[in-house]
Structure formats: C-alpha cells, structure tokens
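Here is the structure we will look at, set down as structure tokens.
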Amino acid sequence: NAPKARAQKELTIMLFLNGKNNLSKYVDYDMNEMETVGSTDKVNIVVEAGRTAYTPPSNPGGWNDYDNPYDNPWNGGWHPGWHPPPMLKAASDWTGVRRYYVTKDDNTAVLGSTLVQELGKADMGDWNHLAEFAQWARANYPARRYMLVVWNHGDGWKTKDLETLAPVTKGISYDDETGNGITTVQLGQALAKIGGVDIYASDACLMQMQEVVYELKNYAPVIVGSEETEPGDGWDYNAFLTRLVTSNLSPEAVARSAVEGYGASYSAKGKSVTLSAVRSREAEALRRLTDQWADLAMQEDKAALKEAVKAATAFDAVDSRDLPHFMSLAGEKLPALKAKGAEIISLIRDRMMIKNSPVGDSYKNAGGLAMYMPTYGFDADYSRLALSKAGKWDEFMQWLNN
192 NAPKARAQKE LTIMLFLNGK NNLSKYVDYD MNEMETVGST DKVNIVVEAG RTAYTPPSNP
252 GGWNDYDNPY DNPWNGGWHP GWHPPPMLKA ASDWTGVRRY YVTKDDNTAV LGSTLVQELG
312 KADMGDWNHL AEFAQWARAN YPARRYMLVV WNHGDGWKTK DLETLAPVTK GISYDDETGN
372 GITTVQLGQA LAKIGGVDIY ASDACLMQMQ EVVYELKNYA PVIVGSEETE PGDGWDYNAF
432 LTRLVTSNLS PEAVARSAVE GYGASYSAKG KSVTLSAVRS REAEALRRLT DQWADLAMQE
492 DKAALKEAVK AATAFDAVDS RDLPHFMSLA GEKLPALKAK GAEIISLIRD RMMIKNSPVG
552 DSYKNAGGLA MYMPTYGFDA DYSRLALSKA GKWDEFMQWL NN
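According to the working numbering, the sequence shown holds residues 192 to 593 in order.
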C-alpha cells in the first residue's frame with residue numbers, strides 16, 4: 192500500500208515508464224539517473240515502471256533504439272525487427288509493473304529508491320491505467336503543481352491498423368504484453384480524467400505536433416516533446432533534474448530545465464536531436480491562423496505547395512514536418528501566402544514557444560512544432576482528432592493529396 196499522504200510540496204513529478212517492450216533495459220538506466228538527484232524537500236519524484244523479460248520488436252519510429260536511431264539500414268542501423276533487442280536476464284532483473292518513490296542514491300548500478308507497490312502485469316497501454324497512476328500519485332504525494340511524463344515509444348498523432356502492423360502503434364505507451372497503446376485522443380481523455388496537470392511531457396518519439404498539443408490544450412498549460420525520434424535512452428534525467436532543483440519550479444521553468452538538459456546532454460555526445468516546450472493556450476490561435484492560411488492555399492498552385500511540403504524539414508514519421516519551416520518555404524514559392532505564413536511563424540516563435548532546443552545541422556530549420564503533411568495519400572484516421580473536428584487542416588491536406 193502507498194504510504195500515508197505527506198505534506199504538500201511545490202512539485203510532484205509523475206513518471207510513467209512503460210518498458211514493457213524493447214525499451215525494458217532503459218528503465219533502470221533512467222531511474223538511476225533520477226536517483227543522482229532524487230526527491231527533495233520541495234519536489235516529489237514518483238515512478239510507475241514496467242519491464243518485461245522478453246522484448247519482441249516494436250516500432251520506435253527510428254531504425255534502431257539500441258545503437259543509433261538515426262542510422263539508416265545501409266549504414267548498419269537496422270530496425271529492431273532486424274537487429275534483435277537485448278533481453279533482460281530473468282535471474283537478476285525484475286519484471287512486471289512497480290511504483291517507486293525516487294530517493295537520492297549515488298550507486299548508479301543498483302536501484303535504491305523506495306518500492307511502494309507491485310502491480311503484476313498491469314496494462315501500461317491502457318489510458319485508464321495511466322490516469323489511475325496519476326490519481327494515485329496526486330493523492331499520496333500532494334503538491335502545488337504536477338508534471339506528468341509518459342516514457343515509451345511515440346508516433347505522434349497516428350493510429351495504425353491492428354491487422355496490418357504488429358505490435359500495435361497507437362500514439363504512445365505501447366505495451367507489447369497486452370498489445371495495447373494509448374492514442375492521442377485517449378491521452379487527452381486520460382489527462383481530463385486526472386483533472387489536468389501543469390506540465391505534460393512525452394519522453395518519446397515524434398510527439399511535439401500541433402495535433403497532440405491541440406488535443407491536450409485544456410488539460411496541460413505547458414507541453415514538452417520532441418518533433419523527431421529520440422535516442423533509445425531518451426532524456427538525461429540527471430541533466431534535467433539538476434537544472435530543475437535550482438529553478439523557481441514554475442511550470443515554464445520546469446519545462447525549460449527539461450529542454451535545456453536534453454539539448455546539452457546530446458550536444459555533448461555529438462547527436463542530433465530535437466526537444467521543445469510550448470504554451471498550449473496558443474494552440475487555438477494557431478488553429479485559426481492555419482485555417483485562414485488553408486483557405487488561401489487552396490486557391491493556389493497545388494504543385495508548388497507539394498514542393499514546399501517535400502522540402503520542409505521532415506522527421507522520422509516522414510509525413511510529420513516542421514510547421515514554421517513549411518510556412519516559410521510556401522511563402523517563398525507563393526507570394527499570396529507569405530503574409531499569413533509570417534503570422535503563423537511569429538505566433539509559434541514569439542507566443543507559443545517557451546524553449547526550443549534543436550541540436551545538429553540536420554535540424555537547423557526545426558522550429559519546435561510539427562504538423563501532419565503527407566506526400567502519398569491522406570490517412571482517414573486524422574479526422575478523429577479534435578484539431579480536425581475544429582479546423583481545416585484536414586481539408587487542406589485532403590485537397591493537396593487528391
């Protein structure tokens with residue numbers, strides 16, 4: 192059972208570490224990074240972590256979670272389906288689902304945090320279970336502010352057909368034992384059920400999209416995520432937490448700590464990555480501007496727009512492309528779109544963006560927010576999103592791809 196509710200602190204960080212897939216070995220790595228700082232007199236760090244003894248290949252969005260996710264197959268970086276992931280050693284490594292209260296511990300080889308609960312084979316691909324974890328954490332580790340981090344594979348807004356792809360990819364938090372994952376719509380439902388959080392973050396691939404931000408805008412004022420795939424070990428929690436504990440712990444300061452720590456860590460390793468933090472309150476204004484832009488664009492030359500899409504900075508999902516970069520390119524090709532595109536770029540850069548930290552020349556044009564821009568057909572599942580129901584981007588993309 193959870194300990195008796197404690198005195199309120201300034202911040203509780205709730206981390207949902209779903210390693211019930213080919214990321215199992217990284218669970219302890221990241222928890223040991225957290226333990227280099229641990230909970231403090233002002234900050235609770237609470238984790239639900241899942242691991243499995245056998246990790247069948249799942250789709251991380253990149254070629255290879257374990258070596259270099261940015262290498263292509265001709266460079267030796269095969270997808271895990273071709274390059275079998277490392278297995279946990281059943282005799283020495285724990286499996287199942289556990290909840291921990293993270294405490295400071297200088298031994299980076301062994302977990303020293305307080306084990307609070309064991310949950311057996313709980314389904315970490317179920318949005319209701321994610322919500323239950325956050326409700327439990329809030330009840331037992333109260334704070335003035337709350338941050339929820341979902342750690343796992345991510346695939347932006349997309350939902351793929353269960354019959355044609357195994358294991359399922361459904362947005363984020365794929366549980367290979369149950370075959371379930373959490374869609375973008377379900378992620379919004381989970382945050383609503385929790386009652387909202389002050390900061391939501393995806394320690395996962397490809398999640399920093401306007402489609403995701405719009406779905407969560409009523410439940411998380413600050414949203415952190417990556418436009419691109421992340422390396423297999425994800426965030427450097429030492430780099431994040433050492434910055435966080437010296438900040439004023441406001442939601443935006445917490446988000447900046449995450450983005451700056453991530454960027455500094457991978458810059459030192461010479462890896463190209465993206466991470467950004469945005470104010471979700473601007474998502475509705477962005478939706479209105481992109482609707483106005485779409486009305487103008489659908490009167491313009493389709494071939495020129497397709498060229499702009501193909502030239503815009505693309506991420507591993509291919510049909511996820513940087514929105515500010517696309518607006519800039521479209522305005523260069525079609526002068527009638529330049530002024531409205533400049534408004535969109537300004538809104539994202541000056542009002543929406545808290546911190547953007549692209550690392551490497553590959554991402555010099557990454558403006559911190561991606562959007563769905565397919566080049567080979569339109570995915571009908573896109574119509575399920577709140578953004579599609581409220582806006583016109585889906586109509587524009589269908590027009591462009593017809």
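The beta carbon of each residue, even a glycine, is placed where N, CA and C say it ideally should be.
Residue range of the unbroken alpha helix (DSSP H) whose run includes residue i
i	result
residue 575	Looking at the DSSP string, residue 575 is not in any alpha helix (DSSP H), and its letter there is neither H nor E.
residue 148	Here the chain has residues from 192 to 593 only, and residue 148 is not among them.
residue 482	474-488
residue 405	401-407
Alpha-carbon to alpha-carbon, residue j and residue i
i	j	result
residue 270	residue 234	Because residue 270 carries a pLDDT of 35, less than 50, the predicted location of this residue cannot be relied on, and the following value inherits that uncertainty. One C-alpha to the other measures close to 38 Å.
residue 278	residue 457	In this prediction, residue 278 scores a pLDDT of 47, lower than 50, which makes its location untrustworthy; no coordinate-derived value is stated.
residue 583	residue 326	35 Å
residue 307	residue 209	17 Å
residue 376	residue 491	32 Å
residue 248	residue 483	Summary for residue 248: the model assigns pLDDT 48, below 50, so the residue's position carries little reliability; its value from the coordinates is reported in the next sentence. Roughly 42 Å between the two C-alpha positions.
residue 201	residue 440	7 Å
residue 554	residue 532	20 Å
residue 410	residue 330	18 Å
residue 567	residue 412	34 Å
residue 507	residue 397	8 Å
residue 281	residue 460	Residue placement at residue 281 is poorly supported in this model, since its pLDDT is 43, which falls under 50; the coordinates still yield a value, given next. Their backbone Cα atoms lie some 31 Å apart in a straight line.
residue 480	residue 229	43 Å
residue 236	residue 309	17 Å
residue 529	residue 487	10 Å
residue 298	residue 241	21 Å
residue 207	residue 405	22 Å
residue 569	residue 478	19 Å
residue 300	residue 217	12 Å
residue 332	residue 213	30 Å
residue 476	residue 515	15 Å
Coil, strand or helix - residue i by DSSP
i	result
residue 431	helix
residue 450	helix
residue 642	No answer is possible for residue 642: the residues shown for the chain start at 192 and end at 593.
residue 223	helix
residue 593	coil
residue 559	coil
residue 242	strand
residue 504	coil
residue 197	coil
residue 323	helix
residue 207	strand
residue 375	helix
residue 306	strand
residue 496	helix
residue 588	helix
residue 298	coil
residue 313	coil
Beta-carbon separation (whole angstroms), residue i vs residue j, contact threshold 8 Å
i	j	result
residue 339	residue 379	Not confirmed; about 13 Å, so no contact.
residue 373	residue 318	5 Å
residue 393	residue 315	Actually they do not touch by this definition, with Cβ atoms about 14 Å apart.
residue 226	residue 295	6 Å
residue 421	residue 243	Incorrect: roughly 20 Å between the Cβ atoms, too far for contact.
Opening and closing residue of the beta strand (DSSP E) in which residue i lies
i	result
residue 337	334-342
residue 468	467-470
**OP:** Could you tell me whether the region 576-589 touches the region 437-452, using the rule of 3 or more Cβ pairs below 8 Å?
**Re:** Remark: fewer than three beta-carbon pairs, one from each stretch, lie closer than 8 Å, so the region 576-589 and the region 437-452 are not flagged as touching.
Original post:
Any chance the region 417-430 sits against the region 374-389, with 3 or more Cβ pairs inside 8 Å?
Top reply: Contact between the region 417-430 and the region 374-389 is absent, with fewer than three C-beta pairs closer than 8 Å.
Original post:
Is there contact here, the region 491-498 with the region 533-541, by at least three beta-carbon pairs under 8 Å?
Top reply: Not touching, per the Cβ criterion.
Original post:
Between the region 559-568 and the region 453-469, do at least 3 Cβ pairs fall closer than 8 Å?
Top reply: Segment contact: the region 559-568 against the region 453-469, three or more CB-CB distances shorter than 8 Å; contact assigned.
Original post:
Okay, do the region 540-548 and the region 499-507 touch, 3+ Cβ pairs below 8 Å being the bar?
Top reply: In short, these stretches do not touch, since the Cβ pair count stays below three.
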